[in-house]
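In our numbering, the protein residues as written are 71 to 256.
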(Lines of atoms letter the chains of each structure in order from A and count residues from 1; the text may use other names and numbers.)
(Lines give C-alpha, C1' and ligand atoms only; values in the text may rest on other atoms or scores of the structure.)
Protein backbone atom coordinates (compact mmCIF):
# COMPACT_ATOMS: atom_id res chain seq x y z
CA UNK A 1 0.00 0.00 0.00
CA UNK A 2 1.41 3.39 -1.00
CA UNK A 3 0.33 6.70 0.49
CA UNK A 4 1.48 9.97 -1.02
CA UNK A 5 1.13 13.29 0.76
CA UNK A 6 1.44 16.55 -1.18
CA UNK A 7 0.78 20.05 0.15
CA UNK A 8 -0.52 22.60 -2.37
CA UNK A 9 -2.06 26.00 -1.65
CA UNK A 10 -2.67 25.37 2.01
CA UNK A 11 -4.29 21.95 1.65
CA UNK A 12 -2.90 18.50 2.38
CA UNK A 13 -3.66 16.13 -0.49
CA UNK A 14 -3.44 12.48 0.43
CA UNK A 15 -3.73 9.73 -2.16
CA UNK A 16 -4.50 6.16 -1.21
CA UNK A 17 -5.42 3.58 -3.85
CA UNK A 18 -6.10 6.26 -6.45
CA UNK A 19 -8.42 8.39 -4.31
CA UNK A 20 -7.47 11.98 -3.55
CA UNK A 21 -8.59 13.69 -0.35
CA UNK A 22 -7.97 17.39 0.38
CA UNK A 23 -7.76 18.45 4.04
CA UNK A 24 -6.93 21.96 5.26
CA UNK A 25 -3.64 22.33 7.08
CA UNK A 26 -4.21 22.04 10.84
CA UNK A 27 -2.83 25.51 11.52
CA UNK A 28 -5.05 27.48 9.14
CA UNK A 29 -6.84 30.26 10.96
CA UNK A 30 -5.81 32.59 13.79
CA UNK A 31 -3.01 31.75 16.26
CA UNK A 32 -2.03 34.16 19.03
CA UNK A 33 0.49 34.63 21.81
CA UNK A 34 1.10 37.15 24.55
CA UNK A 35 4.53 37.86 25.96
CA UNK A 36 6.55 40.26 28.01
CA UNK A 37 10.23 41.06 27.66
CA UNK A 38 12.78 43.73 28.40
CA UNK A 39 14.08 46.19 25.77
CA UNK A 40 16.98 44.86 23.73
CA UNK A 41 20.08 46.99 23.23
CA UNK A 42 23.35 46.45 21.34
CA UNK A 43 26.23 48.80 22.23
CA UNK A 44 23.79 51.27 23.81
CA UNK A 45 21.44 51.37 20.79
CA UNK A 46 17.87 50.07 20.89
CA UNK A 47 17.82 47.21 18.35
CA UNK A 48 14.36 45.73 18.98
CA UNK A 49 11.79 48.38 18.07
CA UNK A 50 8.61 46.40 18.72
CA UNK A 51 9.03 43.38 20.95
CA UNK A 52 9.57 44.65 24.46
CA UNK A 53 7.24 45.38 27.36
CA UNK A 54 3.88 43.68 26.90
CA UNK A 55 3.15 42.27 23.43
CA UNK A 56 0.11 40.61 21.87
CA UNK A 57 0.72 38.89 18.51
CA UNK A 58 -1.45 37.00 16.04
CA UNK A 59 -0.95 35.16 12.76
CA UNK A 60 -3.93 34.47 10.48
CA UNK A 61 -3.08 31.74 7.96
CA UNK A 62 -5.47 31.70 5.00
CA UNK A 63 -6.30 28.64 2.83
CA UNK A 64 -4.83 30.37 -0.26
CA UNK A 65 -1.30 30.28 1.27
CA UNK A 66 -1.35 33.93 2.33
CA UNK A 67 -1.12 35.21 5.89
CA UNK A 68 -1.46 38.39 7.89
CA UNK A 69 0.29 39.15 11.16
CA UNK A 70 -0.63 41.83 13.69
CA UNK A 71 1.09 42.67 16.95
CA UNK A 72 0.61 45.34 19.57
CA UNK A 73 3.35 46.23 22.04
CA UNK A 74 2.72 48.53 24.97
CA UNK A 75 5.89 50.48 25.82
CA UNK A 76 4.45 52.76 28.45
CA UNK A 77 1.10 54.22 29.47
CA UNK A 78 1.26 56.51 26.43
CA UNK A 79 3.18 54.54 23.80
CA UNK A 80 2.17 51.56 21.66
CA UNK A 81 3.93 49.97 18.72
CA UNK A 82 1.83 48.14 16.14
CA UNK A 83 3.37 45.80 13.59
CA UNK A 84 1.41 44.62 10.57
CA UNK A 85 2.87 42.14 8.11
CA UNK A 86 1.40 40.25 5.19
CA UNK A 87 2.81 37.77 2.73
CA UNK A 88 2.78 34.15 1.62
CA UNK A 89 3.61 30.87 3.30
CA UNK A 90 4.81 27.54 1.96
CA UNK A 91 4.60 24.18 3.70
CA UNK A 92 6.64 21.12 2.82
CA UNK A 93 6.03 18.31 5.31
CA UNK A 94 6.82 19.84 8.73
CA UNK A 95 8.76 22.81 7.31
CA UNK A 96 7.10 26.22 7.11
CA UNK A 97 8.54 29.14 5.15
CA UNK A 98 7.11 32.61 5.76
CA UNK A 99 7.77 35.06 2.91
CA UNK A 100 6.82 38.63 3.93
CA UNK A 101 5.67 40.98 1.17
CA UNK A 102 4.88 44.05 3.29
CA UNK A 103 5.65 44.97 6.90
CA UNK A 104 4.99 48.26 8.67
CA UNK A 105 5.58 49.24 12.31
CA UNK A 106 3.75 52.25 13.73
CA UNK A 107 4.25 54.06 17.03
CA UNK A 108 1.03 55.48 18.48
CA UNK A 109 0.14 57.31 21.64
CA UNK A 110 -2.55 55.92 23.95
CA UNK A 111 -5.24 57.84 22.01
CA UNK A 112 -4.15 56.30 18.69
CA UNK A 113 -2.36 59.38 17.29
CA UNK A 114 0.45 58.35 14.94
CA UNK A 115 3.92 59.36 16.17
CA UNK A 116 6.18 57.42 13.79
CA UNK A 117 6.01 54.86 10.97
CA UNK A 118 8.74 52.48 9.85
CA UNK A 119 8.73 50.15 6.87
CA UNK A 120 10.37 46.93 7.99
CA UNK A 121 12.41 44.93 5.52
CA UNK A 122 12.87 41.34 6.52
CA UNK A 123 13.72 38.20 4.64
CA UNK A 124 12.04 34.84 4.68
CA UNK A 125 11.65 33.05 7.99
CA UNK A 126 12.10 29.29 8.26
CA UNK A 127 10.50 27.05 10.86
CA UNK A 128 9.63 23.48 11.61
CA UNK A 129 6.07 23.25 12.86
CA UNK A 130 4.04 20.89 14.99
CA UNK A 131 0.70 20.85 16.76
CA UNK A 132 1.02 20.03 20.48
CA UNK A 133 -1.87 19.36 22.86
CA UNK A 134 -1.41 20.59 26.44
CA UNK A 135 -3.80 18.72 28.72
CA UNK A 136 -3.37 21.07 31.70
CA UNK A 137 -4.73 24.06 29.78
CA UNK A 138 -6.86 21.96 27.39
CA UNK A 139 -5.37 23.63 24.33
CA UNK A 140 -3.59 22.59 21.18
CA UNK A 141 -0.76 24.98 20.37
CA UNK A 142 0.95 25.69 17.07
CA UNK A 143 4.67 25.36 17.85
CA UNK A 144 7.14 27.03 15.47
CA UNK A 145 10.79 26.07 15.99
CA UNK A 146 13.48 28.26 14.44
CA UNK A 147 17.25 28.67 14.39
CA UNK A 148 16.99 32.15 15.93
CA UNK A 149 14.61 34.70 17.39
CA UNK A 150 13.28 37.33 14.98
CA UNK A 151 11.65 40.74 14.86
CA UNK A 152 8.13 39.43 14.22
CA UNK A 153 7.87 36.48 16.62
CA UNK A 154 10.05 38.14 19.26
CA UNK A 155 11.81 36.02 21.85
CA UNK A 156 11.52 32.27 22.18
CA UNK A 157 8.89 30.87 24.54
CA UNK A 158 10.04 29.77 27.98
CA UNK A 159 8.85 26.15 27.64
CA UNK A 160 12.00 24.01 28.07
CA UNK A 161 10.33 21.03 26.37
CA UNK A 162 10.30 23.03 23.11
CA UNK A 163 13.60 24.94 22.92
CA UNK A 164 14.05 27.63 20.25
CA UNK A 165 10.30 27.74 19.71
CA UNK A 166 7.46 30.22 19.49
CA UNK A 167 4.16 28.87 20.84
CA UNK A 168 0.84 30.14 19.52
CA UNK A 169 -2.63 29.17 20.74
CA UNK A 170 -6.09 29.64 19.25
CA UNK A 171 -8.25 29.33 22.34
CA UNK A 172 -8.68 33.06 23.01
CA UNK A 173 -8.69 36.16 20.81
CA UNK A 174 -6.34 38.93 22.00
CA UNK A 175 -7.97 42.01 23.53
CA UNK A 176 -6.52 44.61 21.16
CA UNK A 177 -6.23 48.25 22.12
CA UNK A 178 -5.74 48.96 18.38
CA UNK A 179 -7.17 46.17 16.16
CA UNK A 180 -5.50 45.60 12.79
CA UNK A 181 -8.55 46.89 10.87
CA UNK A 182 -8.16 50.33 12.46
CA UNK A 183 -4.58 50.61 11.28
CA UNK A 184 -4.68 49.25 7.72
CA UNK A 185 -4.59 52.64 5.97
CA UNK A 186 -0.86 53.26 5.62
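Every residue, glycine too, gets a C-beta built ideally from N, C-alpha and C. This structure is a prediction, so every number in the text was calculated from the model and none was measured.
With distances taken between CA atoms, residue 134 lies nearest to 161 out of 105, 214, 141 and 161. Looking at the DSSP output, residue 170 sits in a beta bridge with 157. In the three-state reduction of the DSSP assignment, residue 186 falls in the strand class. Under DSSP, residue 191 forms no beta bridge with any residue. Excluding its 5 nearest sequence neighbours in each direction, residue 223 has C-beta neighbours in its own chain below 6 Å: 236, listed in chain order.
Taking the Cα positions, residue 163 is about 42 Å away from residue 184. Following the DSSP letters along the chain, one finds residue 248 in no beta strand (DSSP E), marked with neither H nor E.
Boundaries cannot be given for residue 232, as no beta strand (DSSP E) includes it and DSSP labels it neither H nor E. Residue 214: member of the beta strand (DSSP E) spanning 209 to 215, first to last residue.
When Cβ pairs closer than 8 Å are counted between the two stretches, the region 241 to 252 is seen to touch the region 149 to 159, the count reaching three or more. Between the alpha carbons of residue 192 and residue 205 lies a distance of about 36 Å. The C-alpha of residue 186 is placed about 30 Å away from the C-alpha of residue 99. Residue state for residue 205 is assigned as helix, using DSSP reduced to three classes.
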